[in-house]
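Note that my numbering has the sequence shown beginning at 5, numbered continuously upward.
No residue lacks a Cβ here, since even glycine has one placed at the ideal position from N, Cα and C.
Everything numeric in this text was worked out from a predicted model, so none of it was measured.
Worksheet: one structure, shown below.
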Amino acid sequence: MLALRQMLGLAALATISAAGPAAAQGKLEARYTATLAGIPIGEGSWNIDISDTQYNAVASGATIGLLRAFTGGHGSTTARGTLQAGRSVTSAYAASIATSRKTDEIRLTLANGTVKDFSVDPPQDKDPERVPITEAHQRGVVDPMTSTLIRMPGNGDPLSPEACQQTASVFDGRLRYDLKMAFKRMEAVKADKGYSGPVVVCAVYFSPVAGYIPSRTAIKYLIKERDIEVWLAPIAGTRVLVPFRVQAPTPVGRAVLEANEFVSVALPTRASANGTKTQ
């Protein structure tokens, strides 16, 4: 479950402020499988609803195979918010991960990019090496779930290299970090059910800001890593891209989170008070 959580965390990317009208309405129902060195270790689902004024996203997952016998891990994440001036604004985020040994709970409330309240259980330890999280670190941030909704500006093809020209400031309740993206290439994918077509592949570079312990091996490894990738696919009826696949090398083999079902549909636009269509 830890590997699945790390892969989902690495998929957290910048939410892009779109110029002009808000995106039209769409819905995604997707299922993912996580593998480590080619061995299945987890599976999960992701449902996203996007209207002209708000969005809701729910993800859940669980360990499978041999890993399940050892950990029995399962978890869920939810986020909801509004679309204001062409950008996604979080109102609430929650994540829960449970194994046979412990349960981890995170709750965030944000307003206009500023954390208003958050709680983590169990609390962060008091290691003197840990870089403290200040109030300044909680401004101008996105939560991990909302940050995976990549809204492209303009009217051109959203599947373009420009989708990768972003840096995200992410806060997950325990760690404040930046993720910088860079365009790598275009690929073609085909889910077992749903989407078949092009994706834009971005490199992802991790930079911790606060809440971390500099001497930790995992932190040092992620800082040096240059082969993390996210593959972005579109949600029909919108200008929103989301991860179809995330992959990263680990000391024991490549970790991959990939959609085997990726079904998105455009929804009817809502008529405004003057009878025009809201797009």
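A Cβ-Cβ contact shorter than 8 angstroms links Thr254 with Leu40. For Phe175, the pairing in a beta bridge is given by DSSP as Arg180. Per DSSP, reduced to three states, the secondary structure at Ile227 is helical. When DSSP reads this structure, Glu33 sits in a beta bridge with Asn51 and Val267.
About 5 angstroms separates the CB atoms of Thr37 and Glu47; that is less than 8 angstroms, so the two are in contact. Linking Phe175 to Pro44 through their CA atoms gives a straight-line distance of about 29 angstroms.
Around the beta carbon of Ser211, fewer than 16 other beta carbons sit within 10 angstroms, so the residue counts as exposed. Taking all protein chains shown into account, Ala63 has 16 or more neighbouring C-beta atoms within 10 Å of its C-beta and is therefore buried.
Along the length of the stretch 190-221, whole beta strand (DSSP E) runs at least 3 residues long occupy 200-214, reported in chain order.
About 30 angstroms separates the beta carbon of Val205 from that of His141, a gap too long to meet the 8 angstroms contact definition. Linking Asp131 to Ile223 through their CA atoms gives a straight-line distance of about 15 angstroms. The Cβ atoms of Ala172 and Leu183 sit closer than 8 angstroms to each other. In this structure Met149 is in contact with Thr81, their Cβ atoms being roughly 5 angstroms apart against a cut-off of 8 angstroms. For Thr67, the closest C-alpha among the options Gly79, Ala99, Asp129 and Glu265 is that of Gly79. Residues Val205 of the same chain have their beta carbon placed closer than 6 angstroms to that of Arg189, with the five preceding and five following residues left out of the count. Of all alpha-carbon atoms in Thr242, Val256, Val260 and Asn264, the one lying nearest the alpha-carbon of Asp53 is that of Thr242. Annotation for Asp231: Pro253 place their beta carbon closer than 6 angstroms to its own, counting only its chain and skipping 5 residues before and after. For Gln128, the secondary structure class from DSSP, reduced to helix, strand or coil, is coil.
Each of Thr118, Val250 and Tyr181 was checked against the Cα of Val135, and the nearest Cα belongs to Tyr181. A residue is called buried when at least 16 other Cβ atoms come within 10 angstroms of its Cβ; Arg35 meets this threshold and is buried. With respect to Leu32, Val246 sits close: the two C-beta atoms are nearer than 8 angstroms.
Looking at the DSSP output, Gly257 bridges to Thr254. In this structure, Leu236 and Ala167 form a Cβ contact; the two beta carbons are roughly 6 angstroms apart against a cut-off of 8 angstroms.
When rounded, the separation of the alpha-carbon atoms in Pro127 and Val256 is 29 angstroms.
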